[in-house]
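Novice:
2 protein chains.
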Amino acid sequence: MLKLCRRYLNWIQNSVFEGELTDVKLKELLHEAKQMMNEETDSIIVFKSRQEKWLDKMVVGKEKNKIDNIL
Amino acid sequence: MLKLCRRYLNWIQNSVFEGELTDVKLKELLHEAKQMMNEETDSIIVFKSRQEKWLDKMVVGKEKNKIDNIL
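Top to bottom, those sequences are chains A and B.
Quick note: the first sequence, position 11, residue 11 per the working numbering, numbers continuous.
Quick note: the second sequence, position 43, residue 43 per the working numbering, numbers continuous.
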């Protein structure tokens with residue numbers, strides 16, 4: 001799941017990913033994710049903001065190393 | 001940390017919480033969180049949307065049981 005999400009998004013913390021996706025790409029990602037998750041027990045929560053400026057991001061503490069995006 | 005976050009927010013998944021907070025309450029929460037986290041290794045990422053309608057939420061799979069908010 002981590003590998004899949006990283007193909008589409010940046011991994012920012014534990015099970016949290018962030019990125020810009022078209023609706024088509026999001027559908028692709030969720031389609032693939034559904035095949036590996038158990039929909040009875042697992043969940044994926046998507047927060048969508050249509051415009052980046054509508055969402056403020058604040059980081060306290062250590063930001064994930066850039067290297068984590070490559071591994 | 002879980003206990004602290006739950007005093008201010010709803011626990012929606014693993015280390016992810018959601019809720020409406022005033023700026024004062026957010027400051028309080030972060031102040032308390034900083035006292036228990038290691039800022040060299042841990043992180044808290046806050047996404048803020050000024051208006052709820054600017055953020056769409058989509059859940060795939062199982063939503064956390066309401067009971068989780070009480071435990």
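Glycine is no exception: its CB is placed at the ideal position from the N, C-alpha and C atoms.
(1) Counting only the same chain and skipping the five closest in sequence on each side, list residues whose C-beta sits under 8 Å from that of C5 of chain A.
(2) With 7 Å as the limit, tell me which residues of the stretch 12-23 of chain A have their beta carbon closer than that to any beta carbon of chain B; keep them in chain order.
(3) Would you verify that the beta carbon of L29 of chain A is, or is not, closer than 8 Å to some beta carbon of chain B?
(4) Label G13 of chain A either buried or exposed according to how many other C-beta atoms from any shown protein chain fall within 10 Å of its C-beta, with 16 as the threshold for buried.
(5) Output the residue ranges of the alpha helix (DSSP H) runs that lie fully inside the stretch 4-70 of chain B and measure 4 residues or longer, sorted by chain position.
(6) K3 of chain B touches chain A at which residues, Cβ-Cβ below 8 Å?
(7) From I45 of chain B to M58 of chain A, what does the alpha carbon distance come to, in whole angstroms?
(8) Does any residue of chain A bring its CB to less than 8 Å from the CB of L9 of chain B?
Specialist: Answer, in terms of the structure:
(1) W11, F17, L29 and A33
(2) I12, Q13, N14, S15 and V16
(3) no
(4) Sequence inspection shows Gln at residue 13 of chain A; the Gly mentioned does not correspond to that position. The residue is buried, with at least 16 neighbouring Cβ atoms inside 10 Å.
(5) 23-36
(6) In chain order: nothing, as chain A lies at least about 18 Å away.
(7) 6 Å
(8) no
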